[in-house]
Amino acid sequence: MPQPIAPRTAQETPAAPTAPARTAQEAPAAPTAPARTAPKALEGVLVADFSRVLAGPLAAATLADLGADVVKVERPGSGDDTRSWGPPFCADSTAAYFDAANRSKRGLALDLSDPGDAAAARELARRADVLIENFRPGALARYGLDPAATLAAHPGLVHCSITGFGSGEGARLPGYDFVVQAVGGLMSITGEPGGPPLKAGVALVDVLTAKDAATAVLAALRHRDRTGQGQHVEVNLLSSLLGSLVNQATGHLATGRDPGPMGNRHPSIAPYETLACRDGEPLAVAVGNDRQFRALAQALGAPGLADDERFARNQDRVRHRAELVGELEKRLAAETPAVWTERLTAASVPCGPVNSVGEALALAERLGLDPVVPVGAGRTPQVRSPLRLSATPVVAPHAPPALDEHGDPLRAWLSGPDDTPPPPLT
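Each residue of the sequence shown is one higher than the one before, starting from 1 at the first, in UniProt numbering.
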């Protein structure tokens with residue numbers, strides 16, 4: 001994580017314009033430059049996070065990475081459902097699932113059915129710049145926290161609603177990632193041909209929706225910066241998934257045919273899949289053009305494959321995929337994925353072993369990406385934000401909050417003058 005910018009050393013300080021040399025006695029003492037800290041992209045933006053589980057909390061955590069001040073509102077007693085979604089559990093006995101999406105937030109427990117707590121929630125919404133929630137459409141109206149009410153009280157608010165299936169005919173349907181992967185078509189194209197449909201290894205639809213929500217909020221904040229006008233932002237899991245099907249959805253629209261599962265193979269490129277090496281160990285090979293295929297054939301000691309009429313062009317390789325895989329695996333069987341990764345990478349052929357999560361983190365560390373960042377003694381570290389900004393770097397994360405960890409100072413602030421800033425996150 002980029003750190004606050006330290007005062008420049010003498011070596012880093014730009015040279016002053018040339019002037020006549022002074023003696024040591026004549027030289028005045030140089031003024032001491034004040035320490036500087038990097039500006040935060042979303043400094044001064046207050047986010048009220050009323051969301052639960054993953055899509056909403058992850059969107060709010062992304063805004064926190066960019067410097068926003070995020071207050072996570074949870075029900076008293078149990079809090080966010082994901083606090084107990086384990087094992088695995090983190091060092092503080094909170095589920096790893098919760099920690100993954102709630103870094104750098106302050107914790108506030110409010111019972112919306114309690115009139116006093118509901119009033120505090122409305123006051124938080126009135127003071128916030130952004131409100132994120134994933135309640136069913138209409139469910140917040142009884143508390144005066146629906147978009148119509150919050151925007152009436154605060155016209156500059158960006159109110160982001162995340163649902164499963166939108167606010168129309170699908171408004172009453174519960175939005176669960178696994179269900180949306182099924183009904184949204186993703187499972188139908190995931191898995192081996194002839195095998196059962198499979199879900200992705202993470203709650204991918206929730207993650208994609210979180211990124212869409214954060215993008216939409218940033219666009220709405222930009223509009224507010226120009227006009228002073230807030231707005232209601234809507235994102236739903238099904239639409240985020242359909243928008244992420246990209247070539248598979250467009251292929252259906254172009255041909256009228258439904259794509260099916262292809263395992264690790266690509267529907268339009270070959271070889272773009274896992275191939276068996278020595279002892280059947282897999283190697284991911286991603287040949288994107290004919291030039292790369294020629295380099296692959298050369299590295300395998302079979303340059304003639306690139307001139308074989310079955311394999312010379314990508315469309316030919318796709319058509320003759322089975323024969324191609326046989327020819328390639330016959331040669332790959334001589335060595336391990338590690339050996340082939342080194343050789344093929346040297347030949348500019350995109351490839352790599354199939355790593356575990358731990359191996360992937362270790363790879364990122366070797367590449368200098370610093371993938372893991374500490375968040376305090378006795379706390380499980382976090383995966384570093386993937387965002388890199390040169391002028392407004394992402395902030396060093398704080399550990400996710402305990403339930404109502406910051407409740408007392410936040411409630412005191414919400415009951416006080418509205419022109420005072422919120423208490424700092426410590």
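The C-beta atom is built at its ideal place from N, Cα and C for all residues, glycine as well.
Beta-ladder partner(s) of residue i, from DSSP
{"i": "L108", "result": "V73"}
{"i": "L235", "result": "Looking at the sequence provided, one finds Val at residue 235 rather than Leu. In the DSSP output, where bridge partners are listed per residue, V235 has I162."}
{"i": "L131", "result": "A48 and H159"}
{"i": "F89", "result": "A95"}
Reduced DSSP category for residue i - H, G, I as helix; E, B as strand; rest coil
{"i": "D49", "result": "strand"}
{"i": "Y272", "result": "strand"}
{"i": "F165", "result": "coil"}
{"i": "L283", "result": "strand"}
{"i": "P353", "result": "strand"}
{"i": "L221", "result": "helix"}
{"i": "Q229", "result": "coil"}
{"i": "V202", "result": "coil"}
{"i": "residue 438", "result": "Absent from the structure is residue 438, since the part of the chain shown begins at 1 and ends at 426."}
{"i": "L367", "result": "coil"}
{"i": "E327", "result": "helix"}
{"i": "V373", "result": "strand"}
{"i": "V383", "result": "strand"}
{"i": "T32", "result": "Its pLDDT being 47, under 50, T32 is placed unreliably by the model, and nothing is read from it."}
{"i": "H398", "result": "coil"}
{"i": "M187", "result": "helix"}
{"i": "E123", "result": "helix"}
{"i": "P423", "result": "coil"}
{"i": "K40", "result": "coil"}
{"i": "S78", "result": "coil"}
{"i": "E405", "result": "coil"}
{"i": "G304", "result": "helix"}
{"i": "A213", "result": "helix"}
{"i": "F178", "result": "helix"}
{"i": "P137", "result": "coil"}
Assigned exposure category for residue i - 16 Cβ within 10 Å defines buried
{"i": "E416", "result": "Residue 416 is actually Gly in this sequence, not Glu. Counting Cβ neighbours within 10 Å, G416 comes out exposed, since fewer than 16 surround it."}
{"i": "residue 484", "result": "Any answer about residue 484 is impossible in this case: the structure gives the chain only from 1 up to 426."}
{"i": "A346", "result": "exposed"}
{"i": "D65", "result": "buried"}
{"i": "S78", "result": "exposed"}
{"i": "A30", "result": "Here the model assigns A30 a pLDDT of 45, short of 50, so the residue's position is not dependable and the matter cannot be decided."}
{"i": "A334", "result": "exposed"}
{"i": "V205", "result": "buried"}
{"i": "A362", "result": "exposed"}
{"i": "residue 427", "result": "Since the first residue of the chain shown is 1 and the last is 426, residue 427 is not available in this structure."}
{"i": "R294", "result": "buried"}
{"i": "R317", "result": "buried"}
{"i": "G243", "result": "exposed"}
{"i": "T380", "result": "buried"}
{"i": "R122", "result": "buried"}
{"i": "K72", "result": "buried"}
{"i": "S113", "result": "exposed"}
{"i": "R321", "result": "buried"}
{"i": "V246", "result": "exposed"}
{"i": "A255", "result": "According to the sequence displayed, residue 255 carries Thr and not Ala. So T255 counts as exposed."}
{"i": "G358", "result": "exposed"}
Whole-angstrom distance between residue j and residue i, CA atom to CA atom
{"i": "V179", "j": "A200", "result": "12 Å"}
{"i": "T82", "j": "T250", "result": "35 Å"}
{"i": "A128", "j": "P424", "result": "15 Å"}
{"i": "A203", "j": "A95", "result": "16 Å"}
{"i": "L110", "j": "L403", "result": "10 Å"}
{"i": "T341", "j": "A391", "result": "36 Å"}
{"i": "A219", "j": "G352", "result": "37 Å"}
{"i": "A91", "j": "N102", "result": "15 Å"}
{"i": "Y176", "j": "G164", "result": "7 Å"}
{"i": "P374", "j": "S93", "result": "17 Å"}
{"i": "E281", "j": "Q298", "result": "22 Å"}
{"i": "P400", "j": "Q229", "result": "32 Å"}
{"i": "P137", "j": "V235", "result": "12 Å"}
{"i": "A396", "j": "Q315", "result": "48 Å"}
{"i": "P350", "j": "V285", "result": "6 Å"}
{"i": "S84", "j": "F98", "result": "8 Å"}
{"i": "A412", "j": "L241", "result": "41 Å"}
{"i": "F89", "j": "N289", "result": "45 Å"}
{"i": "I269", "j": "V287", "result": "8 Å"}
{"i": "D146", "j": "G56", "result": "16 Å"}
{"i": "M262", "j": "P337", "result": "22 Å"}
{"i": "L186", "j": "R222", "result": "33 Å"}
{"i": "L140", "j": "G260", "result": "40 Å"}
{"i": "E323", "j": "P267", "result": "16 Å"}
{"i": "N134", "j": "L410", "result": "22 Å"}
Evaluate the contact criterion for the segment 56-65 versus the segment 107-122: three or more CB pairs, one atom per stretch, below 8 Å. no
Okay, do the segment 354-371 and the segment 295-303 touch, 3+ Cβ pairs below 8 Å being the bar? no
Check whether the segment 34-49 touches the segment 190-198, taking contact to mean three or more Cβ pairs, one atom from each stretch, closer than 8 Å. no
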